[in-house]
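Protein chains in written order, with the numbering used here: chain A, 1 to 271; chain B, 1 to 189. For every residue, glycine included, the Cβ atom is placed at its ideal position computed from N, Cα and C. No experiment lies behind these values; they were computed from the predicted model shown. Okay, structure first, notes after.
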C-alpha cells in the first residue's frame, strides 16, 4: 500500500517535467508509410500512387513505434480531460494571481536549481565543456541573479541558451533505443526509455531531495512535499500552452502530440 | 577548350551565387516578419487577424507545396479540384493557428542566424526567438524565396501534419483527408 502511494505521489510530483515533453513530441510512423500502404486509400483504388520525391519529402522524419496505440489513445483522452477540467483551471488561477514578472522569476529560480540534472547528464555524455558552461551559468545566476531569480548569464554569449540535457538524452547517447511510445498518466507523451529517464531527472533535481530523503526515513514532515508541488504548479501554465499549441488545430491531436514528441526529442538528442 | 577557361570561372561564380541566394532569402524572411508584425499591431480585433494576415502570408508562404508534402505520396491521387480544396483548407488551418499565437502588445525578439543553402533553391534560415519571456529556436525552410516549412524546437510543421493526414489518407483516401481538414477548420476556437 505504501509503495502504491509512493508511486502515485512520485507520478504526480513528476508531472511538471513530463508535461514539458508534450511540447516536444511527435511521430511520423505514418510518415514512413510507403506508397503501397497509401494505395489502400479510396482514391488509390485503381492505381497505387506513384513515387513523388517532392510529395515524399518528409518520409524520413523521426519516427517512434507505437504498439500500444489503443491503450495510449485511452490514456491520452483521460489526460485531456484532466488538463481541461483540473490543470488548466489551476494554471489560469496561478496566472491570474501572480503577474508575469513574478512567475518568470519563480520559473528562473526553479530552472536554476535543476543544475545537477544538466551537469550530471552533460558529464555522462562526455560533454565536459558544456558541463563547465552549465557550472558557470549556475554560479553567475545564483550569485548575480539573486538565487537564480534573474538570469544574468543570458547576457554572456558563452553561457546563453545552452541546450537542455536530461537523463533520457544520456541513455540515447549511450545507444539505448526509444522503446515503445507511451502516454503516461498525467505526464503525457513519453517512451519507455524517456519514462525511465524521467525517474533519473526526478532524483537529480534538488527540489525533490527533501521529499525523497524524508520519505526514505519514513518521516512525517509534510512540508517536504511543498517544493515539488510548487515546481509542478509553476510549470503548469507553460505546459498547458505547449499542449494547446500542439493539439488545438490538429487533425488528430493524438498523432500530432506523438509526432511532435518524437521530432522534438530527436532534435534534443542531436544537440 | 572553352571549358578549360570556363570551368574555373564557374567554380568561382557558384559560391557567389549561393551566397547571394542565402542573403536574399534572409532579407525576404525579415521583410515577411516585419509585414506580419505590422498587420498584427494594427489589428485590434483578434478574431479578424487571420483574414488580415492571409494576404501577407500568401505572398510569402507556398501553401500548395506545404499541403502537398503534408499529404504525402497520396497527393497524386487527388483530383485537381481536391488538391485545390485541400490546399485551401490547410492554408486556413495554418493561418488560423499562426494568428492565434499573437498576444496583443507582445513583440517577439528575433535574432537571425546565418542562413544555410541546401541546394536547388532551398535555404534554411535559423532564428532564435524570445517571446513572452520564453526562448525558442525556429528554422524557416525556404524554397524559391517562399516559406515551405517552419521548424519550431525541432518540430516540423509539415512533418507533424504529415503524420496526421497520411493516416487519414490510408483510412479513406482524398475524401477522408478533406473531410478531416474541414472538421478541423470548422472547430470553434
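{"Query": "Roughly how many whole angstroms lie between the Cα atoms of residue 114 of chain B and residue 27 of chain B?", "Result": "11 Å"}
{"Query": "Excluding the 5 residues flanking residue 122 of chain B on each side, which residues of the same chain have their C-beta closer than 6 Å to its C-beta?", "Result": "143"}
{"Query": "Below 6 Å CB to CB, which residues in the same chain sit around residue 48 of chain B once its five sequence neighbours on both sides are set aside?", "Result": "none"}
{"Query": "Comparing the C-beta of residue 62 of chain B with each C-beta of chain A, is any distance below 8 Å?", "Result": "no"}
{"Query": "What residues in its chain sit with their C-beta under 6 Å from that of residue 174 of chain A, if we drop five residues either side in the sequence?", "Result": "none"}
{"Query": "Helix, strand or coil for residue 236 of chain A, going by three-state DSSP, please let me know.", "Result": "helix"}
{"Query": "Please determine, among B:170, B:65, B:36, B:62, the residue with the shortest C-alpha to C-alpha distance to residue 51 of chain B.", "Result": "B:36"}
{"Query": "Suppose only complete runs of 4+ residues qualify. What are the alpha helix (DSSP H) ranges in the segment 155 to 184 of chain A, listed by chain order?", "Result": "167 to 173"}
{"Query": "Assuming contact is defined by CB atoms lying nearer than 8 Å, are residue 124 of chain B and residue 141 of chain B in contact in what I supplied?", "Result": "yes"}
{"Query": "So within the segment 93 to 158 of chain A, which uninterrupted alpha helix (DSSP H) runs reach at least 4 residues, ignoring any that extend past its ends?", "Result": "100 to 113, 115 to 124, 128 to 144"}
{"Query": "Using only CA atoms, which one of B:162, B:147, B:127 lies nearest to residue 138 of chain B?", "Result": "B:127"}
{"Query": "Between the segment 120 to 127 of chain A and the segment 156 to 170 of chain A, can you find at least three pairs of beta-carbon atoms closer than 8 Å?", "Result": "yes"}
{"Query": "Pick helix, strand or coil for residue 57 of chain A, following the three-state DSSP scheme.", "Result": "coil"}
{"Query": "Taking a cut of 9 Å between CB atoms, which residues from the segment 161 to 184 of chain B lie near chain A?", "Result": "161, 162, 163, 164, 165, 166, 167, 168, 169, 170, 171, 172, 173, 174, 175, 176, 177, 180, 181, 183, 184"}
{"Query": "I want to know whether the segment 145 to 156 of chain A touches the segment 174 to 189 of chain A - three or more CB-CB distances under 8 Å.", "Result": "no"}
{"Query": "When the Cα of residue 65 of chain A is compared with those of A:241, A:181, A:96, which residue comes out closest?", "Result": "A:181"}
{"Query": "So is residue 190 of chain A in contact with chain B if we call contact Cβ pairs under 8 Å?", "Result": "no"}
{"Query": "Of all the CB atoms in chain B, is at least one closer than 8 Å to the CB of residue 259 of chain A?", "Result": "yes"}
{"Query": "Roughly how many angstroms separate the alpha carbons of residue 70 of chain B and residue 58 of chain A, rounded to a whole number?", "Result": "8 Å"}
{"Query": "In the DSSP output, which residue or residues are listed as bridge partners for residue 173 of chain B?", "Result": "Residue 173 of chain B is not bridged to any residue."}
{"Query": "Would you call the segment 87 to 96 of chain A and the segment 192 to 205 of chain A touching, i.e. three or more CB-CB distances under 8 Å?", "Result": "no"}
{"Query": "With 8 Å set as the bound, which would you pick, yes or no: does the beta-carbon of residue 102 of chain A sit closer than that to a beta-carbon of chain B?", "Result": "no"}
{"Query": "What distance in whole Å lies between the Cβ atoms of residue 117 of chain A and residue 192 of chain A, which are believed to be in contact at a cut-off of 8 Å?", "Result": "Incorrect: roughly 20 Å between the Cβ atoms, too far for contact."}
{"Query": "Let me check one thing: in DSSP terms, what residues is residue 124 of chain B bridge-paired to?", "Result": "B:116, B:141"}
{"Query": "Indicate whether the contact test is met: 3 or more Cβ pairs, each with one atom in the segment 152 to 159 of chain B and one in the segment 251 to 268 of chain A, closer than 8 Å.", "Result": "yes"}
{"Query": "Tell me the DSSP secondary structure of residue 246 of chain A in three-state form.", "Result": "helix"}
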